[in-house]
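Colleague: Take a look at the following structure, please.
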Amino acid sequence: MKKRQFNMINKFKSISSAIIVFIMILVIAAMAGFAAISLNYTSSTAIDNAMAYSDNITAQVNFDIDSYISNMKNISDIVSKSSDVQGLLFNASENGATKAKEYTRLVTQFQAVLDSRADISNIAAVSDRNVGVVNSGQDDLISYKQLSRQEWFQNTMNNPDGITISNSHVQNAISGSYQWVITLSRPLIDKSTNEIHGIFFIDLNYSVISNLCNNNQIGNKGYVYIIDSSGNLIYHPQQQLIYGGLKSEHTDDVLNSGSSSMMIGTGNDMRLYTKSSSSQTGWTTVGVSYTSELTKYDEQTLLLYIGLAIGILLLAFFAADYISRGITMPIFNLLKSMKQAEKGEFKKAMVPVAGSNEVSQLSEGFNSMTARIDELVAENKKELEEKRKSELRALQSQINPHFLYNTLDSIIWMAEAGKNEEVVQMTAALSRLFRQGINVEDEEIMLSQEIDYCRSYLLIQKYRFQDKLDYEVKMESDVGNVMIVKMVLQPIIENAINHGLKEKGSKGNLTVHAFRDGDCAKIIIRDDGVGMDEDTLLHIFEHHKVNRSKNGVGIYNVQRRLHLYYGEEYGIAYESSPGEGTTACVTIPMEKADDGSGLPPDSEEKGNFPVQNKSGLPDNSPVQGGTP
Amino acid sequence: MKKRSGKRWIFFVILAVSSAAVLLALSASAKNDKVYHMVFIPKIIDENNDFWVSVIEGANMGAKEGNVELEIEAGPSEEDWQSQNELIEKAIAEKPDAIIVAPCSYTESTEVLKKVKDAGICLTLVDSVVNEDIQDLSVATDNIAAGRQLGEFAAGYLTQDSKVALIEHVKGSSTAMDRETGVREGLGDKAGCIKETIYSGSSEERAYELTKELIFKYPDLDMIIGLNEPSAVGAANAIKNLNLTSKINAVGFDSSLNEIRLMEDGIFSGIVIQKPYNMGYLGVQQTWMHLRGEKVEKNLESGSELVTPENLYSEENQKLLFPFTGNKN
Numbered sequence: 068m069k070k071r072q073f074n075m076i077n078k079f080k081s082i083s084s085a086i087i088v089f090i091m092i093l094v095i096a097a098m099a100g101f102a103a104i105s106l107n108y109t110s111s112t113a114i115d116n117a118m119a120y121s122d123n124i125t126a127q128v129n130f131d132i133d134s135y136i137s138n139m140k141n142i143s144d145i146v147s148k149s150s151d152v153q154g155l156l157f158n159a160s161e162n163g164a165t166k167a168k169e170y171t172r173l174v175t176q177f178q179a180v181l182d183s184r185a186d187i188s189n190i191a192a193v194s195d196r197n198v199g200v201v202n203s204g205q206d207d208l209i210s211y212k213q214l215s216r217q218e219w220f221q222n223t224m225n226n227p228d229g230i231t232i233s234n235s236h237v238q239n240a241i242s243g244s245y246q247w248v249i250t251l252s253r254p255l256i257d258k259s260t261n262e263i264h265g266i267f268f269i270d271l272n273y274s275v276i277s278n279l280c281n282n283n284q285i286g287n288k289g290y291v292y293i294i295d296s297s298g299n300l301i302y303h304p305q306q307q308l309i310y311g312g313l314k315s316e317h318t319d320d321v322l323n324s325g326s327s328s329m330m331i332g333t334g335n336d337m338r339l340y341t342k343s344s345s346s347q348t349g350w351t352t353v354g355v356s357y358t359s360e361l362t363k364y365d366e367q368t369l370l371l372y373i374g375l376a377i378g379i380l381l382l383a384f385f386a387a388d389y390i391s392r393g394i395t396m397p398i399f400n401l402l403k404s405m406k407q408a409e410k411g412e413f414k415k416a417m418v419p420v421a422g423s424n425e426v427s428q429l430s431e432g433f434n435s436m437t438a439r440i441d442e443l444v445a446e447n448k449k450e451l452e453e454k455r456k457s458e459l460r461a462l463q464s465q466i467n468p469h470f471l472y473n474t475l476d477s478i479i480w481m482a483e484a485g486k487n488e489e490v491v492q493m494t495a496a497l498s499r500l501f502r503q504g505i506n507v508e509d510e511e512i513m514l515s516q517e518i519d520y521c522r523s524y525l526l527i528q529k530y531r532f533q534d535k536l537d538y539e540v541k542m543e544s545d546v547g548n549v550m551i552v553k554m555v556l557q558p559i560i561e562n563a564i565n566h567g568l569k570e571k572g573s574k575g576n577l578t579v580h581a582f583r584d585g586d587c588a589k590i591i592i593r594d595d596g597v598g599m600d601e602d603t604l605l606h607i608f609e610h611h612k613v614n615r616s617k618n619g620v621g622i623y624n625v626q627r628r629l630h631l632y633y634g635e636e637y638g639i640a641y642e643s644s645p646g647e648g649t650t651a652c653v654t655i656p657m658e659k660a661d662d663g664s665g666l667p668p669d670s671e672e673k674g675n676f677p678v679q680n681k682s683g684l685p686d687n688s689p690v691q692g693g694t695p
Numbered sequence: 004m005k006k007r008s009g010k011r012w013i014f015f016v017i018l019a020v021s022s023a024a025v026l027l028a029l030s031a032s033a034k035n036d037k038v039y040h041m042v043f044i045p046k047i048i049d050e051n052n053d054f055w056v057s058v059i060e061g062a063n064m065g066a067k068e069g070n071v072e073l074e075i076e077a078g079p080s081e082e083d084w085q086s087q088n089e090l091i092e093k094a095i096a097e098k099p100d101a102i103i104v105a106p107c108s109y110t111e112s113t114e115v116l117k118k119v120k121d122a123g124i125c126l127t128l129v130d131s132v133v134n135e136d137i138q139d140l141s142v143a144t145d146n147i148a149a150g151r152q153l154g155e156f157a158a159g160y161l162t163q164d165s166k167v168a169l170i171e172h173v174k175g176s177s178t179a180m181d182r183e184t185g186v187r188e189g190l191g192d193k194a195g196c197i198k199e200t201i202y203s204g205s206s207e208e209r210a211y212e213l214t215k216e217l218i219f220k221y222p223d224l225d226m227i228i229g230l231n232e233p234s235a236v237g238a239a240n241a242i243k244n245l246n247l248t249s250k251i252n253a254v255g256f257d258s259s260l261n262e263i264r265l266m267e268d269g270i271f272s273g274i275v276i277q278k279p280y281n282m283g284y285l286g287v288q289q290t291w292m293h294l295r296g297e298k299v300e301k302n303l304e305s306g307s308e309l310v311t312p313e314n315l316y317s318e319e320n321q322k323l324l325f326p327f328t329g330n331k332n
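In structure tokens form, the structure reads like this:
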């Protein structure tokens, strides 16, 4: 973990974030690319389709108008060339009966046209002498003179040889009628003089055109309009607004444009214009569609894409999260276990293993490793305990043989002197001493027992040293039940006698005092022997020093066992100065923290873990210093 | 673990923000496409009244263009402000986005129109206004200017000694008052020629009868000025029927096929036409823009034109005078 390779992924706090971020970026990029391509595609096809559709519509409208016009032309050809018209209008020599017949035939003809063609509103042939036929003969034509004031009439006269098609206008040829029409007209020539003396006209009902355009709407807002060759409106669905000055139409732009379709305007007002011109009339039909309407679907599609993108993004997020957790969770567990293992809690360090991927294999490996280490630790612990027990056993047998010889010598001496009483007491004390030391299974005994042991020992020593030794043993009653490691006090007392009192010329005093001090029990062993200098005091716990001494159990050994058992804060403390005597203070806890293992926490294993082989064990042999 | 969940938070925030943005965009586009509901209450719905037919056509065009749901209702006559007020009350209850009214009365419509405002509904007045400036928008002919136009034209036919009669439509309607003011301004020093003012109640028959009486009362009458279409047509018909065409000049307001015929017959020497189609269209269209929060002119003029027999068939006037449909008289 601490060693990191430098790459992109390591810039993230965790592998799972890295995975999520990369997957999200990938998804967003893919969605954006996809949306851009398909939107571009749909919008260009939409415009292409609209163009094609608009083309069709304008061509259709043109075709329809052309068919109306060509129809009117046919009628005009038939009527204007008929002999009835010539006769009725211009032949002054005909009699009334003939004229009446001609009139009737023309009226019948006109009536037939009007009946068959709903799109034709007026049909008339009239001479400059106000002779003529209008429709079915029931309408009153205004005078030729009045007629001649109208624009379409003048245009017709300016085009003597052909057919004139007017713009849309109000036809006021019949008095009282004001219809919007488109007029097809031609001059009538008196064949006798070859001069123009009349006019024929046929009116196309304007509503035909407006219906035609209205029925060919493009989309909701799109429309069709018609302009003549000079850009005047023939029809426009919003012509009222255009005439009222509220709207304008791009007639010139459209008319002058070389291409048949063009885009005009910007933004929401962008419009697609397609035009188609008629050869019959010279008019241009223009289809207009709003691109906003075409792209409306684009917006919807875009929104759909964005919605979809968010959905997929969410899915991708959860998927990425799931996958990355699948990878990182076992690693994270492993990491946690590793930390437990570092603390030495191998039982808790087991990693749950699922599946058989690389991480699972790693976890399995880790599990078997910790299991093995756990076994080793247990073995090690057992060995240590064994070692301690054998050490203790050795201690029992370590009672200085000199002590035994000297004691036995003293008993012999007392027996010879007939001091039966003393022999009994001393032998009893010796016997008690050994009995007390026999039990090696229990490492701890009650302090009272340990004190008893000391009493036995001191009693024997008293018999040996007679008047040279005075001792006093005191134990407060509240510490009698305190448990203490065996064979702690006797070596200290032995040390005090052998090194302190024995070398003193005069009588020596030794006191043992056990009492409670807060959470601790203290046993003070004081002698008024020769004392120690500072240097000796400093090295008293070093076992090589002990090795040199004559007595068996080193103070080092005692101290080590106390530390081992109760922790570093407990043990022996010495105070001494040369000539002043020595005070040893043994401190043990009132109640030992029971961890069940017999090993206090933070025991000597600390820092030596995990692998501790036999060569790493402390090399001080339990059997030490016992040899004389 | 904390760092991981922190990262996750950021992702959630990003996702939440983007979702919110999409929702906003959706609702914004929905707002743009909002279909507004408007109620239009003209003075009258009468297919023989070209003026109001045209206004309604224009309104419908405006509604179509703005995708507005437009409801049109009117009382039985132009004078009947009580019925109109009831209709306005009814419209308020419907809670539309806007109510567009051509108020019948300059004074009697005010109170009920205030209720429209109080209900938080956008109020647009067309054609006429009321005695208090309460509307959100108004679209109307500048009747004073139109009256002045007619007055100036009429003055050309008059001398200081001429006798003129005014036929107004409804006493107390803003259009009548403004037009009279305008006509008097236009006549200038000949305003004193006005000998009599009568009220037709916007009825052609009544105008006809009253004109006949008037002609008997003033045999040397030189001119009759009709301040709206029925008044002018009624007066002109009376002149025609009494064969006084050459003696009495008629001028008037508004256009109708009747008026055009009478002009062709030489009875009307001039009429001032409004632009009713524009009025109706602008009434709806401006209201729509206002509702969408766009800036519009509060009191919009829809314009007027003077038409004489000489320019009757000019291309521009043709298009203003003759409706494109429904004219097979």
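Chains A and B are the protein sequences, given in the same order.
When we follow the numbering used here, the leftmost residue of the first sequence carries the number 68, and every step to the right adds one.
When we follow the numbering used here, the leftmost residue of the second sequence carries the number 4, and every step to the right adds one.
Even glycine gets a Cβ: it sits at the ideal position worked out from N, Cα and C.
Excluding sequence positions up to five away, which residues of its chain have a Cβ less than 8 angstroms from the Cβ of LEU106/A?
Modeller: ASP365, THR368, LEU369, TYR372
Colleague: Which of the three DSSP states is assigned to ILE137/B in this structure?
Modeller: Annotated three-state conformation of ILE137/B is coil, per DSSP.
Colleague: For a contact meaning CB atoms closer than 7 angstroms, what does ALA28/B contact in chain A?
Modeller: For the C-beta of ALA28/B, the chain A residues within less than 7 angstroms are, from N- to C-terminus, LEU370.
Colleague: Is it right to say TRP696/A is buried, meaning 16 or more other beta carbons lie within 10 angstroms of its own, or is it exposed?
Modeller: As shown, chain A starts at 68 and ends at 695. That puts residue 696/A outside it, with no answer to give.
Colleague: If I'm right that SER252/A touches THR231/A with Cβ under 8 angstroms, what's the distance once you round it to whole angstroms?
Modeller: 5 angstroms
Colleague: With ASN281/B as the anchor, note down where its alpha helix (DSSP H) starts and where it stops.
Modeller: 279-294
Colleague: Kindly list, in the order they appear in chain A, the residues whose Cβ is closer than 8 angstroms to that of LYS322/B.
Modeller: GLN306, GLN307, TYR310
Colleague: By the three-class DSSP mapping on this structure, what secondary structure does TYR109/B have?
Modeller: coil
Colleague: Got a sec, what are the start and stop residues for the alpha helix (DSSP H) TYR637/A sits in?
Modeller: No alpha helix (DSSP H) contains TYR637/A, which DSSP labels as neither H nor E.
Colleague: Within 10 Å of its beta-carbon, does ASN88/B have 16 or more other beta-carbons around it, so buried, or fewer, so exposed?
Modeller: So ASN88/B counts as buried.
Colleague: How about VAL237/A: is its C-beta nearer than 7 angstroms to some C-beta of chain B?
Modeller: Closer than 7 angstroms: yes.
Colleague: If we define contact as Cβ-Cβ less than 7 angstroms, is ILE132/A a contact residue for chain B?
Modeller: no
Colleague: Any residues in the region 212-231 of chain A with a beta carbon nearer than 9 angstroms to a beta carbon of chain B? Which ones, in chain order?
Modeller: Cβ contacts with chain B: ARG216, GLN217, GLU218.
Colleague: LEU294/B versus chain A: which residues are under 7 angstroms apart at the beta carbon?
Modeller: Near LEU294/B there are no residues of chain A at all, since even the closest Cβ is about 17 angstroms away, more than 7 angstroms.
Colleague: Cα-Cα, which of VAL597/A, MET139/A, GLU642/A is closest to PHE608/A?
Modeller: GLU642/A
Colleague: What residues in the region 381-397 of chain A have a beta carbon less than 8 angstroms from any beta carbon of chain B?
Modeller: Within the region 381-397 of chain A, the qualifying residues are LEU381, PHE384, ASP388.
Colleague: Select from ASN576/A, GLU543/A, LEU514/A the residue whose C-alpha is nearest the C-alpha of LEU556/A.
Modeller: Looking at the Cα atoms, LEU514/A is the closest of the given residues.
Colleague: Starting from LEU300/A and walking both ways along the beta strand (DSSP E), at which residues does that stretch end?
Modeller: 300-302
Colleague: Do you know offhand how far LYS358/A's Cα is from GLY286/A's?
Modeller: The sequence shown places Thr at residue 358/A, rather than the Lys named in the question. Near 10 angstroms, if we compare the C-alpha coordinates of GLY286/A and THR358/A.
Colleague: Where does VAL173/B sit, in a helix, a strand or coil, going by DSSP?
Modeller: Here VAL173/B sits in coil by DSSP.
Colleague: Check whether the Cβ atoms of TYR290/A and VAL321/A sit closer than 7 angstroms, and answer yes or no.
Modeller: For TYR290/A and VAL321/A, no; Cβs fall outside 7 angstroms.
Colleague: With a threshold of 7 angstroms between beta carbons, is ASN614/A in contact with chain B?
Modeller: Reliability fails at ASN614/A, whose pLDDT of 42 lies under 50, so the model's placement of it is uncertain and the value that follows must be treated cautiously. No, its Cβ sits nowhere closer than 7 angstroms to a Cβ of chain B.
Colleague: Of all the residues that make up the region 272-287 of chain A, which are near chain B by a beta-carbon distance shorter than 7 angstroms?
Modeller: TYR273, SER274, SER277
Colleague: Classify GLU313/B as helix, strand or coil using the three-state DSSP reduction.
Modeller: helix
Colleague: So, using beta-carbon positions, are THR282/A and ILE124/A closer together than 7 angstroms?
Modeller: The sequence given here places Asn at residue 282/A; Thr does not occur at that position. No, the Cβ-Cβ distance between ASN282/A and ILE124/A is not below 7 angstroms.
Colleague: Name the chain A residues that come within less than 8 angstroms of VAL419/B, Cβ to Cβ?
Modeller: The requested residue 419/B does not occur in the structure, where chain B is confined to residues 4 to 332.
Colleague: Quick one: measure Cβ to Cβ for GLY191/B and GLU82/B, integer angstroms, because I've assumed they're closer than 8 angstroms.
Modeller: About 31 angstroms separates the two Cβ atoms, so there is no contact after all.
Colleague: Thinking C-beta only, is GLY572/A closer than 7 angstroms to ASP594/A?
Modeller: no
Colleague: Rounded to a whole number of angstroms, what is the C-alpha to C-alpha distance between PHE157/A and ALA191/A?
Modeller: Cα to Cα, PHE157/A sits roughly 15 angstroms from ALA191/A.
Colleague: In the structure shown, what three-state DSSP assignment does ARG583/A receive?
Modeller: strand
Colleague: Give the range of the beta strand (DSSP E) segment to which MET513/A is assigned.
Modeller: For MET513/A, the enclosing beta strand (DSSP E) has its first and last residue at 511-513.
Colleague: Got a sec: which bits of the region 269-289 of chain B sit with their beta carbon under 9 angstroms from any beta carbon on chain D, in order along the chain?
Modeller: The question asks about chain D, but that chain is absent: this structure's protein chains are A and B.
Colleague: So, are the CB atoms of VAL58/B and GLY237/B less than 7 angstroms apart?
Modeller: no
Colleague: With a cut-off of 8 angstroms on the beta carbons, I'd call SER165/B and LYS193/B a contact; round off their distance for me.
Modeller: 7 angstroms
Colleague: Tell whether a beta-carbon distance below 7 angstroms holds between THR113/B and ASN134/B.
Modeller: yes
Colleague: Contact criterion: CB-CB distance below 7 angstroms. Does SER141/B meet it with respect to chain A?
Modeller: No - not a single Cβ of chain A is within 7 angstroms of the one on SER141/B.
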